[in-house]
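This report concerns only the one structure given below.
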Amino acid sequence: MYQYTEFDRLFVRSRAAQFRDQLNRNLAGQLSDDEFRPLRLQNGWYVQRHAPMFRIAVPYGELSARQLRGLAGIAREFDRGYGHFTTRQNLQFNWIPLTRSADAMDALAAVDMHGIQTSGNCIRNITSDAFAGIAPDEVIDPRPYIEILRQWSTLHPEFAFLPRKFKIAVTGATEDRAAIGWHDIGLHLRRNDAGEIGFKVLAGGGMGRTPVIATTMREFVPWQQVLLFIEAIVRIYNRYGRRDNMYKARIKILVKAEGQKFIDAVNTEFANILEHDVGGTEHLIPQAEFDRVAASFRLPEGVVETTEAAPPQTDVEPAYARWLQRNVHAHRLAGHRAVTLSLKRPGQAPGDVTAEQMEAAAALADRYSHGELRVTHDQNLVLPWVRQRDLHALWQAAREASFATPNIGLLTDMIACPGGDFCALANARSIPVAAAITERFSDLDELYDIGDIDLHISGCINSCGHHHSGHIGVLGVDKDGAEWYQITLGGSDGSTLSGHAVPGKVIGPSFAADEVPDVIEAVVDTYRTRRAANEHFIDTVRRVGLDPFKTSANGVRRSTATAHAA
Amino acid sequence: MRFIETRRNPWRTVSGEDGPVVDLQPAPNLLLDLAQWHAFRAQWPNGMAVGVALGNDVDVEELAPDLPRLSLVALSFPKWVDGRAYSQARLLRTRYRFTGEIRATGEVLVDMLPLLQRTGFDAVVLRADQSQDAARRALGFFPGHYQGDVQDRQPLFAKPEGTADALVKKAVPEFVSAGEGI
Chain A
207 MYQYTEFDRL
217 FVRSRAAQFR
227 DQLNRNLAGQ
237 LSDDEFRPLR
247 LQNGWYVQRH
257 APMFRIAVPY
267 GELSARQLRG
277 LAGIAREFDR
287 GYGHFTTRQN
297 LQFNWIPLTR
307 SADAMDALAA
317 VDMHGIQTSG
327 NCIRNITSDA
337 FAGIAPDEVI
347 DPRPYIEILR
357 QWSTLHPEFA
367 FLPRKFKIAV
377 TGATEDRAAI
387 GWHDIGLHLR
397 RNDAGEIGFK
407 VLAGGGMGRT
417 PVIATTMREF
427 VPWQQVLLFI
437 EAIVRIYNRY
447 GRRDNMYKAR
457 IKILVKAEGQ
467 KFIDAVNTEF
477 ANILEHDVGG
487 TEHLIPQAEF
497 DRVAASFRLP
507 EGVVETTEAA
517 PPQTDVEPAY
527 ARWLQRNVHA
537 HRLAGHRAVT
547 LSLKRPGQAP
557 GDVTAEQMEA
567 AAALADRYSH
577 GELRVTHDQN
587 LVLPWVRQRD
597 LHALWQAARE
607 ASFATPNIGL
617 LTDMIACPGG
627 DFCALANARS
637 IPVAAAITER
647 FSDLDELYDI
657 GDIDLHISGC
667 INSCGHHHSG
677 HIGVLGVDKD
687 GAEWYQITLG
697 GSDGSTLSGH
707 AVPGKVIGPS
717 FAADEVPDVI
727 EAVVDTYRTR
737 RAANEHFIDT
747 VRRVGLDPFK
757 TSANGVRRST
767 ATAHAA
Chain B
776 MRFIETRRNP
786 WRTVSGEDGP
796 VVDLQPAPNL
806 LLDLAQWHAF
816 RAQWPNGMAV
826 GVALGNDVDV
836 EELAPDLPRL
846 SLVALSFPKW
856 VDGRAYSQAR
866 LLRTRYRFTG
876 EIRATGEVLV
886 DMLPLLQRTG
896 FDAVVLRADQ
906 SQDAARRALG
916 FFPGHYQGDV
926 QDRQPLFAKP
936 EGTADALVKK
946 AVPEFVSAGE
956 GI
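From first to last, the protein sequence lines are chains A and B. Each number in my numbering corresponds to the 1-based position in the first sequence with 206 added. Each number in my numbering corresponds to the 1-based position in the second sequence with 775 added.
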């Protein structure tokens, strides 16, 4: 993984010093809360229901065991002993008092981490495929390119106050596991017919109130020019994106409104940068810089392809067999596997980890994965460098540490935002809904029979729980001060299983909180009745349409029936 | 970065009490709005210092042909979190090679200074309640940056080898003296 240089370290410490100055001015009454707000947001400090939330960047989801231990230390020293992994591969703390924020930033800087641009109307932390660098279907490892993009976007002076937040996702594999169509900019690394490396560039995707799938800007931008092409897109957005209405300020609205004119403007701007600007070509990425950064992403020392025979996977304990089936993934290196540590288990919110669990995961990473981990978009952890022969021992150790729930990709491996329990924006709580569904579907045989399914839960229309892209989406809405939930079906993140990225469709009026598990069950039962042989949930929904699901979902209305009758 | 104090500011705007001024006479150091400039540019004497104040929703391209005649372009921040003027300044400098003064006006806060400096502004009118000391301090936190900007066009990766290390040594003096006792 990327190794910080002394400059990188100094830069992060400088940012902490700058923030401390701003914090001190705020505490001394020289900087108003309103004016401090955008400054703290750009460092990840987001005032929540109970305390500021501190969102920490995990660039493209790569995390070392040492960093995870550092995070555990912060959880203990500054927070209430736990954190929450997000759909954007970041980590959030919930209980750090603002007066201690600068100290927490220093502690973070000590393990080469920061919260820069994890919030605010700027280019956010860049996300990627959690299996980058290890997936068998990878064409080009995206990590060096993303690191160069990360550095370029960090404290970019022209793009610190965009109309709205700006999210970039990158993949280098055949399958899109980074949901690039749902991002403000989506980048797909590919080779052209001449074998040269470049990016297919999409722009204008996003969730929120108006879900939009990104539009292709260019089929191929040579990798050397990608910073300039992105600069062109972001500049057009900075100049012409709407600022009069927060709900219409994302780039998706501009792209949708302008269509081809937007693409033309980007192309003209790109040509102008290259041909007319003083120093316009300075940001062409030189081979030497690529090589310098790529050197960080060589195989960890000691990782070599092995031809050792795979250990038996049949005739093993059923629980182990299940774990092998769901939590263990193919690897590009022979003799190796990637293993998901499930953060979806009864008794804890999806993505939540205690300080002890962080340390346990760090220990597993040290013992089995060369000290490296990944945070996934589905809010789990992955050990990327596991030897095949270690799988059984790892399974036992993961089980001890509560990470071995064999549910990856299944209904209980759901995505959920922190919701109304923590978030000041939320209309409704997510965690109790997630807990009720987890409890309802606690039978593994049943879960396996239901098979692959994406259940995504957001506590409000800001869509942090990506409800639009769930095969089943649950969206918290507020009606007369009560919590209600809108259910959508048929959404897709763009993965192979789910098909082209598309938002799900609403199946009717919202449901009361206590009806949600029944609705999910009714919808799932409809699938089980209607499915063809070996047909996944999403495919059945597409084939039979929404009506049978609506009928069964309406059949479980109790509180809503009463409310509507009254 | 120059800090413009209102009482020492030689530039005067021209505005009538009831709408646009019709009897404007060219005089040195007038800061005109775009409409005024368009109305008078044909008869504006060559060599007489003139500035134009642009709204942040104006395309700087409109001003490009006139830039050699202007001493000052004032760009505004109606709200400090509205970042359009950063792009305007950047374009004025790098695309249209404007060498006169680019001044930030409106809601200009201390913490914008690094961004202003790096996108090509060289003068600011701070909002009245802002501290110049804090503004100067705001310019000094970083040893360097990753991406190039108007002030320093080269990104860190395009600079000669060893630049990043040199920046670290400059910023952290103990690194320099380390080893002196050996």
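Even glycine gets a Cβ: it sits at the ideal position worked out from N, Cα and C.
Nearest residue (CA-CA) to residue i, options the options
i, options, result
"A:ASP660", "A:GLY671, A:CYS666, A:GLY676", "A:GLY676"
"A:ARG246", "A:GLU464, A:PHE225, A:ARG255", "A:PHE225"
"A:ILE374", "A:VAL522, A:ILE439, A:GLN431", "A:ILE439"
"A:ASP343", "A:THR380, A:LEU361, A:LEU314", "A:THR380"
"A:TYR351", "A:ILE302, A:ASN760, A:ARG749, A:MET207", "A:MET207"
"A:LEU752", "A:VAL253, A:ASN249, A:SER502, A:VAL730", "A:VAL730"
"A:THR377", "A:PRO369, A:ARG370, A:ILE386", "A:ILE386"
"A:ILE491", "A:GLU514, A:GLN431, A:THR735, A:PRO506", "A:GLN431"
"B:GLN818", "B:GLY830, B:LEU809, B:PRO801, B:LEU807", "B:PRO801"
"A:ASP214", "A:GLY557, A:GLU353, A:ALA566, A:PHE365", "A:GLU353"
"A:LEU408", "A:ASP390, A:GLY401, A:TYR266", "A:ASP390"
"A:ALA718", "A:ARG748, A:ILE693, A:PRO556", "A:ILE693"
"B:LEU829", "B:PHE778, B:PRO820, B:ALA849, B:ARG928", "B:ALA849"
"A:PRO363", "B:ILE779, B:GLY826, B:LEU838, B:GLN892", "B:GLN892"
"A:ARG646", "A:LEU587, A:GLN563, A:GLY339, A:GLY553", "A:GLY553"
"A:ASP285", "A:LEU395, A:THR333, A:HIS256, A:GLN466", "A:HIS256"
"A:LEU703", "A:THR416, A:ASP309, A:PHE743", "A:PHE743"
"A:ILE667", "A:ASP318, A:MET413, A:ASP399, A:PRO369", "A:MET413"
"A:PHE291", "A:ALA566, A:LYS756, A:ILE713, A:ALA555", "A:ALA555"
Residue i: CB within 6 Å of a non-hydrogen atom of the ligand NAD
i, result
"A:ALA278", "Among the ligands in the structure shown, none appear at all, so the ligand NAD cannot be discussed."
Sequence-distant residues of its chain with Cβ nearer than 7 Å to residue i (five each side left out)
i, result
"A:LYS462", "GLY410, VAL418"
"A:ILE479", "LEU434, GLU437, ALA438, GLY486"
"B:MET887", "TRP855"
"A:VAL534", "ARG543, VAL545, LEU597"
Contacting residues, own chain, Cβ-Cβ under 6 Å from residue i (five flanking each side not counted)
i, result
"B:THR894", "TYR861, ALA864, ARG865, VAL925"
"A:ALA516", "GLN594"
"B:ALA824", "PRO803, ASN804, SER846"
"A:ASN300", "MET259, PHE628"
"A:CYS829", "Residue 829 of chain A lies beyond the residue range present for chain A, which begins at 207 and ends at 772; the question has no answer from this structure."
"A:ALA313", "ILE280"
"A:ILE726", "ILE643"
"A:SER716", "VAL683, TRP690, TYR691, GLN692"
"A:GLY267", "GLN295, ALA336, ARG580, VAL581"
Where residue i falls, given that 16 or more other Cβ within 10 Å makes a residue buried
i, result
"B:PRO889", "buried"
"A:TYR453", "exposed"
"A:ASN740", "exposed"
"B:THR880", "buried"
"B:PRO930", "buried"
"B:GLY954", "Any reading at B:GLY954 must be qualified, since the residue scores a pLDDT of 47, below 50, and its modelled position is unreliable; the value itself is stated next. Exposed: under 16 other Cβ atoms inside 10 Å."
"B:SER952", "Confidence at B:SER952 is low in this model, with a pLDDT of 49, below 50, so the placement of that residue is unreliable and no value is reported for it."
"B:PRO840", "exposed"
"A:ALA263", "buried"
"A:HIS673", "buried"
"B:ASP834", "exposed"
"A:ALA772", "Low local confidence applies: a pLDDT of 47 at A:ALA772 is under 50, so the model's placement there is unreliable, and no value is given."
"A:ASN327", "buried"
"A:GLY321", "buried"
"B:THR869", "buried"
"B:SER851", "buried"
"A:SER698", "buried"
Beta-carbon contacts of residue i that lie in its chain and below 8 Å, excluding the five residues immediately before and after
i, result
"A:ASP572", "ALA271"
| task | Residues of the stretch 355-380 of chain A with a CB closer than 7 Å to any CB of chain B: list them in chain order, please. | result | Residues passing the 7 Å Cβ filter: GLN357, TRP358, THR360, LEU361, HIS362, PRO363, GLU364, ALA366, PHE367, LEU368.
| query | If you measure beta-carbon to beta-carbon, which residues of the stretch 471-487 of chain A are closer than 8 Å to chain B? | reply | Residues of the stretch 471-487 of chain A whose Cβ lies closer than 8 Å to any Cβ of chain B, in chain order: ASN478, HIS482, ASP483, VAL484, GLY485, GLY486.
| message | What are the residues in the stretch 490-504 of chain A lying within 7 Å of chain B by C-beta distance? | response | If you check each beta-carbon in the stretch 490-504 of chain A against every beta-carbon of chain B, the ones closer than 7 Å belong to PRO492, GLU495.
| said: Tell me which residues of the stretch 918-933 of chain B have at least one Cβ-Cβ distance to chain A shorter than 8 Å, keeping chain order. | reply: For the stretch 918-933 of chain B, which is checked against every Cβ of chain A, the residues closer than 8 Å are PRO918, GLY919, HIS920, TYR921, GLN922, GLY923, ASP924, ARG928, GLN929, PRO930, LEU931, PHE932, ALA933.
| With contact counted as at least three CB pairs below 8 Å, one residue from each stretch, are the stretch 530-546 of chain A and the stretch 596-614 of chain A in contact? | Touching, yes, given that three or more Cβ pairs across the two stretches are closer than 8 Å.
| message | Whether or not the stretch 633-645 of chain A and the stretch 677-689 of chain A are in contact is what I'm after, with contact meaning three or more pairs of Cβ atoms, one per stretch, closer than 8 Å; do they touch? | response | Cβ pair count under 8 Å is three or more, so yes.
| message | Beta carbons nearer than 7 Å to chain A: which residues of the stretch 849-871 of chain B have them? | response | So the close ones are VAL856, ASP857, GLY858, ARG859, TYR861, SER862, ARG865, THR869, ARG870.
| task | May I ask you to list, following chain order, the residues of the stretch 895-918 of chain B that have a beta carbon less than 8 Å from some beta carbon of chain A? | result | Listed in sequence order: SER906, ALA909, ARG912, ALA913, PHE916, PHE917, PRO918.
| When the Cβ atoms of the stretch 646-663 of chain A are set against those of the stretch 601-617 of chain A, are three or more pairs found closer than 8 Å? | By the Cβ test, the stretch 646-663 of chain A is in contact with the stretch 601-617 of chain A, since at least three Cβ pairs between them sit closer than 8 Å.
| If you measure beta-carbon to beta-carbon, which residues of the stretch 794-824 of chain B are closer than 7 Å to chain A? | Interface annotation for the stretch 794-824 of chain B against chain A: empty, criterion Cβ-Cβ distance under 7 Å.
| message | Would you call the stretch 518-526 of chain A in contact with the stretch 233-245 of chain A, where contact means no fewer than 3 C-beta pairs closer than 8 Å? | response | No, because fewer than three Cβ pairs between the stretch 518-526 of chain A and the stretch 233-245 of chain A fall closer than 8 Å, the two stretches do not touch.
| message | When you compare the stretch 420-427 of chain A with the stretch 398-407 of chain A, are there three or more beta-carbon pairs, one atom per stretch, that lie closer than 8 Å? | response | Result yes; three or more Cβ-Cβ pairs closer than 8 Å.
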